[in-house]
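Trainee: Take a look at the following structure, please.
Number of protein chains: 2
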Amino acid sequence: MEENSKYKELLNREGIKSTRHRNAILKLLEESEFPQTAEQLYITLREKTASIDLSTVYRTLDTFASKSLVLKSNRVDDGKALYELNHNEHKHHLLCVGCHKLISIEDCPIGELKQTLKNKIDFDITGHKLEIYGYCHDCKKYKLPPSDHDNL
Amino acid sequence: MEENSKYKELLNREGIKSTRHRNAILKLLEESEFPQTAEQLYITLREKTASIDLSTVYRTLDTFASKSLVLKSNRVDDGKALYELNHNEHKHHLLCVGCHKLISIEDCPIGELKQTLKNKIDFDITGHKLEIYGYCHDCKKYKLPPSDHDNL
DNA sequence: TCACCAAATGCAACTGCCTTGCATTTGCAT
DNA sequence: ATGCAAATGCAAGGCAGTTGCATTTGGTGA
């Protein structure tokens with residue numbers, strides 16, 4: 002299968018072995034629309050491919066993160082770790098507080114701030130993280146009165 | 002002591018009892034320059050005031066958070082919960098990756114994004130969180146080559 | 001192709017953060 | 001003062017994630 006050779010090449014480039022599990026996890030992440038928890042990935046892997054241990058999933062994801070192949074973050078509401086493929090593109094996420102859907106966006110408002118801060122207080126921005134909460138199209142109709150999320 | 006009566010009033014306004022522990026935690030949060038973990042608060046409380054149980058600290062902080070008296074967030078690197086007093090002011094922080102100094106700013110770039118996202122994908126923003134990394138004036142001279150922080 | 005070795009994996013036990021159940025204590029209204 | 005709901009302490013438990021160790025596997029060199 003030529004898909005696996007693609008992963009193999011990618012992994013070799015990072016100086017780590019290409020294994021059945023690693024290829025499967027890369028493939029799964031590639032197919033995932035949203036960042037996934039380790040457990041979500043674990044369950045899916047057990048369903049569709051061979052047996053795998055949860056610790057292997059964690060170890061693999063950590064290895065990938067250390068090589069910058071995947072990006073690790075923490076879910077806002079429960080602090081669980083989320084993993085997604087690193088496409089090396091700059092993006093942010095919208096979290097719907099209604100259905101917990103995560104939507105990726107390319108818009109980034111940091112540009113002008115960068116210059117403002119440089120002028121105002123001589124601070125050089127090298128990175129940032131922006132999390133946005135709100136209600137998606139589907140959840141607006143069920144919108145609840147303002148809650149804790151409004152303070153974030 | 003009249004400081005406690007200030008806390009008592011605050012707590013009564015939220016419809017919850019004023020207790021020794023609650024007053025102490027409010028006071029401690031008021032004195033804290035940065036968001037604290039539950040354990041940091043716990044340790045400090047044990048040192049300077051009477052005995053308190055860790056579960057009480059957690060329960061108190063959760064209660065305060067549910068009343069919006071404190072803001073709860075998750076530390077970026079290890080996902081631990083952080084608690085800080087809610088001053089109801091909108092602000093963000095600059096984290097200097099050189100000296101780990103935390104600088105508060107009032108600038109917020111979310112305004113235009115709000116309208117953009119509403120038009121583009123029908124998403125209603127209710128809140129957001131922005132963390133900015135970089136080098137402060139003092140650390141610029143020692144600036145290191147780009148690191149992990151640049152991906153955040 | 002084979003044999004070897006470091007790296008990867010499975011399994012089970014364990015850690016750390018946080019939560020919960022329950023008996024006791026405390027704040028506050030009456 | 002007294003009674004009751006709310007708060008607390010204590011101990012046990014839950015859950016995400018980690019680790020130690022024996023076994024298996026991928027890749028390299030003969």
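Residue numbers (this note's numbering), protein chains in the order written: chain A, 2 to 153; chain B, 2 to 153.
Ideal Cβ positions, reconstructed from N, Cα and C, are used throughout, including at glycine.
#1: In this structure, how does DSSP classify Gly16(A) when only helix, strand and coil are distinguished?
#2: Quick one: which chain A residues come within Cβ less than 7 Å of Pro110(B)?
#3: Between Leu86(B) and the rest of its own chain, which residues show a CB-CB distance below 8 Å, the 5 nearest in sequence each way excluded?
#4: Does His101(A) come within less than 8 Å of chain B when only Cβ atoms are used?
#5: Could you list the residues in the stretch 54 to 65 of chain A with a C-beta less than 8 Å from some C-beta on chain B, going in chain order?
#6: Going by DSSP, which residues form a beta bridge with Lys32(B)?
#7: Anything in chain B within Cβ reach of Tyr82(A), meaning under 7 Å, just list it in chain order.
#8: Using a Cβ-Cβ cut-off of 8 Å, state whether Lys142(B) counts as contacting chain A.
#9: Between the stretch 3 to 18 of chain B and the stretch 46 to 60 of chain B, do at least 3 Cβ pairs fall closer than 8 Å?
#10: Three-state secondary structure (DSSP) at Glu48(B)?
#11: State the CB to CB distance for the pair Thr61(B) and His94(B), rounded to an integer number of angstroms; the pair is presumed to be in contact (CB under 8 Å).
#12: Indicate the three-state DSSP secondary structure (helix, strand or coil) for Asp54(B) in the structure shown.
#13: Counting only runs that start and end within the stretch 99 to 137 of chain A, where is the beta strand (DSSP E) found for 3 or more residues in a row?
#14: Just by C-beta distance, which residues in the stretch 125 to 139 of chain A are closer than 7 Å to chain B?
#15: Less than 8 Å between the beta carbons of Asp80(B) and Gly128(A), yes or no?
#16: I'd like to confirm the pairing. Which residues does DSSP put opposite Glu85(A) in its beta bridges?
#17: So Cys97(B) is in the beta strand (DSSP E); what residue range does that whole segment cover?
#18: To the nearest angstrom, how far is the alpha carbon of Gly99(A) from that of Ile133(A)?
#19: Using a Cβ-Cβ cut-off of 8 Å, state whether Leu30(B) counts as contacting chain A.
#20: Going straight from the alpha carbon of Ile126(A) to that of Ala82(B), what length do you get?
#21: In chain order, what residues of the same chain have a beta carbon less than 6 Å from the beta carbon of Thr20(A), not counting five sequence neighbours either side?
#22: Which of the residues in the stretch 85 to 96 of chain B, read from start to end, lie with their CB under 7 Å from any CB of chain A?
#23: Is the Cβ-Cβ distance between Asp108(B) and Leu96(A) less than 8 Å?
#24: Using a Cβ-Cβ distance cut-off of 8 Å, determine whether Ile17(B) contacts chain A.
Mentor: In short:
#1: On the first sequence, position 15 is the one that residue 16(A) refers to. Looking at Gly16(A) - three-state DSSP - the assignment turns out to be coil, as it is neither helix nor strand.
#2: Taking the second sequence and counting its residues from 1, one reaches residue 110(B) at position 109. Here the neighbours are Pro110, Ile111, Glu113, Leu114.
#3: For the purposes of this step, residue 86(B) is taken as the residue at position 85 of the second sequence. Result list for Leu86(B): Leu27, Leu30, Glu31, Ser33, Leu70, Val71, Leu72, in chain order.
#4: Numbered from its first residue, the first sequence carries residue 101(A) at position 100. No - not a single Cβ of chain B is within 8 Å of the one on His101(A).
#5: none
#6: Taking the first residue of the second sequence as position 1, residue 32(B) is located at position 31. Reading the sequence as shown, one finds Glu at residue 32(B) and not Lys. Note: Glu32(B) sits in no beta bridge, so no partner.
#7: Residue 82(A) sits at position 81 when you count from the first residue of the first sequence. First, the amino acid is wrong: residue 82(A) is Ala here, not Tyr. Ordered by position in chain B, the residues that pass the 7 Å Cβ test against Ala82(A) are Gly80.
#8: Locating residue 142(B) in the second sequence gives position 141, counting from the first residue. Chain A contact via Cβ: absent.
#9: no
#10: By 1-based counting over the second sequence, the position of residue 48(B) is 47. Residue state, collapsed to three classes: helix.
#11: Locating residue 61(B) in the second sequence gives position 60, where the first residue counts as 1. Locating residue 94(B) in the second sequence gives position 93, where the first residue counts as 1. Contact doesn't hold; Cβ gap of about 24 Å is too wide.
#12: For this step, residue 54(B) is matched to residue 53 along the second sequence. Coil, per DSSP.
#13: 103 to 106, 125 to 136
#14: Asp125, Ile126, Thr127, Gly128, His129, Lys130, Leu131, Glu132, Ile133, Tyr134, Gly135, Tyr136, Cys137, His138
#15: By 1-based counting over the second sequence, the position of residue 80(B) is 79. By 1-based counting over the first sequence, the position of residue 128(A) is 127. What sits at residue 80(B) in the sequence shown is Gly, not Asp. No. Outside cutoff.
#16: Taking the first sequence and counting its residues from 1, the one referred to as residue 85(A) is at position 84. BP columns for Glu85(A) point to Leu72(A).
#17: Taking the first residue of the second sequence as position 1, residue 97(B) is located at position 96. Segment 93 to 97, the beta strand (DSSP E) holding Cys97(B).
#18: Locating residue 99(A) in the first sequence gives position 98, where the first residue counts as 1. Locating residue 133(A) in the first sequence gives position 132, where the first residue counts as 1. Gly99(A) and Ile133(A): Cα-Cα distance of roughly 13 Å.
#19: Your numbering for residue 30(B) matches position 29 in the second sequence. No, Leu30(B) does not count as interfacial toward chain A.
#20: If you number the first sequence from 1, residue 126(A) lands on position 125. If you number the second sequence from 1, residue 82(B) lands on position 81. Their Cα atoms are separated by approximately 25 Å.
#21: If you number the first sequence from 1, residue 20(A) lands on position 19. Excluding positions up to five away in sequence, the list is empty.
#22: Asn87, Leu95
#23: One-based indexing of the second sequence puts residue 108(B) at position 107. One-based indexing of the first sequence puts residue 96(A) at position 95. No, the Cβ-Cβ distance between Asp108(B) and Leu96(A) is not below 8 Å.
#24: Within the second sequence, the letter at position 16 stands for residue 17(B). Answer no: the Cβ-Cβ gap between Ile17(B) and chain A never drops below 8 Å.
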